[in-house]
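In the numbering used here, the protein residues as written are 119 to 403.
C-beta: ideal position from N, C-alpha, C; glycine also.
Note that this is a predicted model, so its numbers are computed, not measured.
#1: Among 315, 359, 392, 220, which has the Cα closest to the Cα of residue 248?
#2: Determine, using beta carbons only, whether residue 261 and residue 250 come nearer to each other than 7 angstroms.
#3: Mind checking residue 217: buried by the 16 CB within 10 Å criterion, or exposed?
#4: With burial defined as no fewer than 16 other Cβ atoms inside 10 Å of the residue's Cβ, what is the status of residue 265: buried or exposed?
#5: Please state the DSSP three-state secondary structure of residue 395.
#6: Note down the Cα distance separating residue 207 from residue 275, rounded to an integer number of angstroms.
#7: Using CA coordinates, which residue listed in 307, 401, 159 is at the minimum distance from residue 237?
#8: I think residue 255 touches residue 268, with their Cβ atoms under 8 angstroms apart; what is that distance to the nearest whole Å?
#9: Around the C-beta of residue 187, are 16 or more other C-beta atoms found within 10 angstroms, so that it is buried, or is it exposed?
#10: What are the start and end residues of the alpha helix (DSSP H) that includes residue 137?
#11: Who pairs with residue 309 in a beta bridge, going by DSSP?
#12: So, for residue 170: in the same chain, excluding its five sequence neighbours on each side, which residues have a beta-carbon less than 6 angstroms away from its beta-carbon?
#13: Give the straight-line distance between the Cα atoms of residue 395 and residue 361, rounded to the nearest whole angstrom.
#14: Under the assumption that residue 354 contacts residue 363 (Cβ atoms under 8 angstroms), give the Cβ distance between them as a whole number of angstroms.
#15: Mind reading off the beta-carbon distance from residue 357 to residue 311? Whole number of angstroms is fine, and I expect it under 8 angstroms.
#16: Can you name, in chain order, every residue of its own chain whose Cβ lies under 6 angstroms from the Cβ of residue 140, other than the five neighbours on each side?
#17: In whole angstroms, what separates the C-alpha of residue 283 from that of residue 397?
#18: With 7 angstroms as the threshold, decide whether the Cβ of residue 150 is near any Cβ in chain C.
#19: Taking its Cβ as the centre, do 16 or more other Cβ atoms sit within 10 Å of residue 323, making it buried, or is it exposed?
#20: Tell me the residue span of the alpha helix (DSSP H) that contains residue 324.
#21: Rounded to a whole number of angstroms, what is the C-alpha to C-alpha distance between residue 271 and residue 234?
#22: Compare the beta carbon distance of residue 227 and residue 199 with 7 angstroms and say whether it is the shorter of the two.
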């Protein structure tokens, strides 16, 4: 924290009088810099700064300092949401993630009470700042190890309260997560999950191992097991292998001859409901 504050102070002292005046204006409202990143662009100095008050309130300002003027290009008010610059700004820089001359500003908005988080991605190019993406649970990660980070999302596609129930069974699937991979294409982030099968294969192997260690008929956390098996399906589906994922999902819920009639009926109802929600074709087994 001390190093961060020192870096912010050095940046402010090296800034023009116009930018120092802007800092003083914001400070008069009770806000102090918490984190920042910047880049020199042809039009001047582009900055993204998260400010915070003593009561925890936050603001994000994206500014362009040029010709002794400071122009605010974008502002985000924290309110009930927390604001944090993404890890790609760890060195205090606005990187060229697309490797096309543009500059990226990425920050996360988190609503703790709702357990919701979004990654907001802005891109400066051609003298303009544009919003490129808003991704649920997004993080920039170098998925394939090529030194060029992709954005990986994380969301509950069935919602946090999705429930399967019948006369002898009731469970929620709050742990059913889906992740998609977005890659840079012509200055935009586009869904490219099917191009990253090794990434999903690793996730599938980990989830399969966790599910294999659970006895579905004896566990006290059936909702957790249900969430794991659905997450397994979602990883297959995201990587273009929905049918294979559905087959594996069904394999984890075999009906035994010794199962009571209500259990067999309930498993059948569960499968029917999931096929409807997941748009599984009738012919898939």
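Let me lay it out:
#1: As a first step, residue 248 must be located in the chain shown, where it is residue number 130. Measuring from the Cα of residue 248, the nearest candidate turns out to be 220.
#2: As a position in the chain shown, residue 261 is number 143, starting the count at 1. As a position in the chain shown, residue 250 is number 132, starting the count at 1. In this structure, residue 250 does not lie closer than 7 angstroms to residue 261 by Cβ.
#3: As a working mapping, residue 217 is identified with position 99 in the chain shown. It is exposed - the Cβ of residue 217 has fewer than 16 other Cβ atoms within 10 Å.
#4: Residue 265 sits at position 147 when you count from the first residue of the chain shown. Classification for residue 265: exposed.
#5: Residue 395 sits at position 277 when you count from the first residue of the chain shown. Of the three classes helix, strand and coil, the one that applies to residue 395 here is helix, per DSSP.
#6: Translated into positions along the chain shown, residue 207 becomes position 89. Translated into positions along the chain shown, residue 275 becomes position 157. Rounded to whole angstroms, the gap between the alpha carbons of residue 207 and residue 275 is 29 angstroms.
#7: On the chain shown, position 119 is the one that residue 237 refers to. Of the candidates 307, 401, 159, the residue whose Cα lies closest to the Cα of residue 237 is 307.
#8: Indexing the chain shown from 1 puts residue 255 at position 137. Indexing the chain shown from 1 puts residue 268 at position 150. Contact between residue 255 and residue 268 does not hold, since their C-beta atoms are separated by about 14 angstroms, which reaches or exceeds 8 angstroms.
#9: Residue 187 sits at position 69 when you count from the first residue of the chain shown. By the 16-neighbour rule on beta-carbons within 10 angstroms, residue 187 is exposed.
#10: Stepping through the chain shown from its first residue, residue 137 is reached at position 19. Residue 137 -> alpha helix (DSSP H) spans 135-145.
#11: In the chain shown, counting from the first residue as 1, residue 309 sits at position 191. According to DSSP, residue 309 bridges with 300.
#12: Locating residue 170 in the chain shown gives position 52, where the first residue counts as 1. Taken in chain order, the residues that qualify are 152, 176.
#13: Position 277 of the chain shown, counted from the first residue, corresponds to residue 395. Position 243 of the chain shown, counted from the first residue, corresponds to residue 361. Rounded to whole angstroms, residue 395 to residue 361 spans 15 angstroms at the Cα level.
#14: Numbered from its first residue, the chain shown carries residue 354 at position 236. Numbered from its first residue, the chain shown carries residue 363 at position 245. That belief holds up - the Cβ atoms of residue 354 and residue 363 are roughly 3 angstroms apart, short of 8 angstroms.
#15: As a working mapping, residue 357 is identified with position 239 in the chain shown. As a working mapping, residue 311 is identified with position 193 in the chain shown. Residue 311 and residue 357 do touch by the CB rule: their CB atoms are close to 6 angstroms apart, below 8 angstroms.
#16: Residue mapping note: residue 140 aligns to position 22 of the chain shown, counting from 1. Once the five neighbours on either side are set aside, the close Cβ partners of residue 140 are 188.
#17: Numbered from its first residue, the chain shown carries residue 283 at position 165. Numbered from its first residue, the chain shown carries residue 397 at position 279. The alpha-carbon of residue 283 is positioned some 19 angstroms away from that of residue 397.
#18: This model lacks chain C altogether, as it is built from one protein chain only.
#19: The residue labelled residue 323 in the question sits at position 205 within the chain shown. Exposed, since its Cβ has fewer than 16 Cβ neighbours within 10 Å.
#20: As a working mapping, residue 324 is identified with position 206 in the chain shown. That run of the alpha helix (DSSP H) goes 315-330.
#21: On the chain shown, residue 271 is found 153 positions in, with the first residue counted as 1. On the chain shown, residue 234 is found 116 positions in, with the first residue counted as 1. Their Cα atoms are separated by approximately 12 angstroms.
#22: Reading the chain shown from its first residue, position 109 is the one you call residue 227. Reading the chain shown from its first residue, position 81 is the one you call residue 199. Contact flag set, yes.
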